[in-house]
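Asks: Got a structure for you, questions after.
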Amino acid sequence: EDQVTQSPEALRLQEGESSSLNCSYTVSGLRGLFWYRQDPGKGPEFLFTLYSAGEEKEKERLKATLTKKESFLHITAPKPEDSATYLCAVQAAQGAQKLVFGQGTRLTINP
Amino acid sequence: ETGVTQSPTHLIKTRGQQVTLRCSSQSGHNTVSWYQQALGQGPQFIFQYYREEENGRGNFPPRFSGLQFPNYSSELNVNALELDDSALYLCASSLPGQRDSPLHFGNGTRLTVT
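Top to bottom, those sequences are chains A and Y.
Going by the numbering used here, the first sequence opens with residue 1, and the numbers climb by one from there.
Going by the numbering used here, the second sequence opens with residue 1001, and the numbers climb by one from there.
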């Protein structure tokens, strides 16, 4: 069974304090690994798709990396507006376009 | 470009009742998926529709059913509501012919069952 585990569950940082969020996964053939950001009361907002080990993608203060077993979301010099829940999901190579999500990491950036 | 829109935004129902949630896909998208998100959890896949047919289903009982219309809008129906059905229901759409395109989510319908 495809599974995604994210850690930590919650993370508090000071503004400017860089850190990383972890996403460990098991999947029967990876079609893609996705990162989403979710603000309270809103739907998930797409950030990145990674397809193969060694791939990296960047957007502003965020950089996502992928290995065969896990993905990291690196946050460099975060700002309070980066506070949100970050969700990781995998899509298997076979079958419908079904995403299996982790439980998310709730990130709080204090000014 | 119009994003994914869902209605209503909030809904309160009583155990045993039936509910219909609605979703309008992002313009040009013909694949629609529905997810259930319990408080503090990640979204869970309910089912997906592609060209008006169910194209995959998660581990949800038959009382969860759906429809997709020719204009690609969609409905999620839940019969015999249970207290555990209280959750945020998310609709997502993706680009036609690009099965690896990312899902674009609406802001959801918050369902409370009392």
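All residues carry an ideal CB built from backbone N, CA and C; glycine is no exception.
(1) Terminal residues of the continuous beta strand (DSSP E) containing Ser19/A?
(2) Within the continuous beta strand (DSSP E) that includes Ser1007/Y, where are the two ends?
(3) Who are the neighbours of Leu99/A on chain Y, taking C-beta pairs under 7 Å?
(4) Leaving aside the five residues before and after Ser1101/Y along the sequence, list all residues of the same chain whose C-beta is less than 8 Å from its C-beta, in chain order.
(5) Contact criterion: CB-CB distance below 8 Å. Does Phe72/A meet it with respect to chain Y?
(6) Just verifying my parser: in three-state terms, what is the DSSP assignment at Glu60/A?
(7) Taking the alpha-carbon of Asp39/A as reference, which of Leu87/A, His74/A, Glu58/A and Phe48/A has the nearest alpha-carbon?
(8) At least one CB of chain A closer than 8 Å to the CB of Gln1068/Y: is that the case?
(9) In chain Y, which residues lie less than 7 Å from Gln29/A when you measure between Cβ atoms?
(10) I'd like to know if Pro40/A contacts chain Y, where contact means its C-beta is closer than 8 Å to some C-beta of that chain.
(11) Would Thr105/A count as contacting chain Y if we go by Cβ distances under 8 Å?
(12) Could you have a look at Glu81/A and say whether DSSP puts it in helix, strand or coil?
(13) Suppose you measure from the CA of Glu1075/Y to the CA of Gly1028/Y; what does that come to, to the nearest Å?
(14) Report, in whole angstroms, the separation of the C-beta atoms of Thr1109/Y and Leu1021/Y, which I expect to be a contact under 8 Å.
(15) Among residues of its own chain, excluding the 5 on either side of Thr1014/Y, which ones have a beta-carbon nearer than 8 Å to its beta-carbon?
(16) Can you tell me where the beta strand (DSSP E) with Thr114/A in it begins and where it stops?
(17) Tell me, to the nearest whole angstrom, how far the beta carbon of Leu33/A is from that of Leu66/A; I am working on the premise that it is less than 8 Å.
(18) Could you tell me which residues DSSP pairs with Arg31/A in its beta bridges?
(19) Output the distance between the C-alpha atoms of Gly1106/Y and Gly1056/Y, rounded to the nearest integer angstrom.
(20) Does the beta-carbon distance from Gln3/A to Tyr36/A come in below 8 Å?
(21) Leaving out five residues on either side along the sequence, give the residues of the same chain with a beta carbon under 8 Å from the beta carbon of Gly1058/Y.
Replies: Answer, in terms of the structure:
(1) Ser19 to Thr26
(2) Thr1005 to Ser1007
(3) Phe1045 and Leu1103
(4) Ser1094 and Leu1095
(5) The beta carbon of Phe72/A sits no closer than 8 Å to any beta carbon of chain Y.
(6) In the structure shown, Glu60/A adopts coil according to DSSP, grouped into three states.
(7) Leu87/A
(8) no
(9) In the sequence on display, residue 29/A carries Gly and not Gln. Near Gly29/A there are no residues of chain Y at all, since even the closest Cβ is about 13 Å away, more than 7 Å.
(10) no
(11) no
(12) Helix at Glu81/A.
(13) 18 Å
(14) 5 Å
(15) Leu1081, Val1113 and Thr1114
(16) Chain A is shown from 1 up to 111; residue 114/A falls before or after that span and cannot be answered.
(17) 6 Å
(18) Paired residue(s): none; Arg31/A is not in a bridge.
(19) Their backbone Cα atoms lie some 20 Å apart in a straight line.
(20) no
(21) Excluding positions up to five away in sequence, the list reads Gln1044, Phe1045, Ile1046 and Phe1047.
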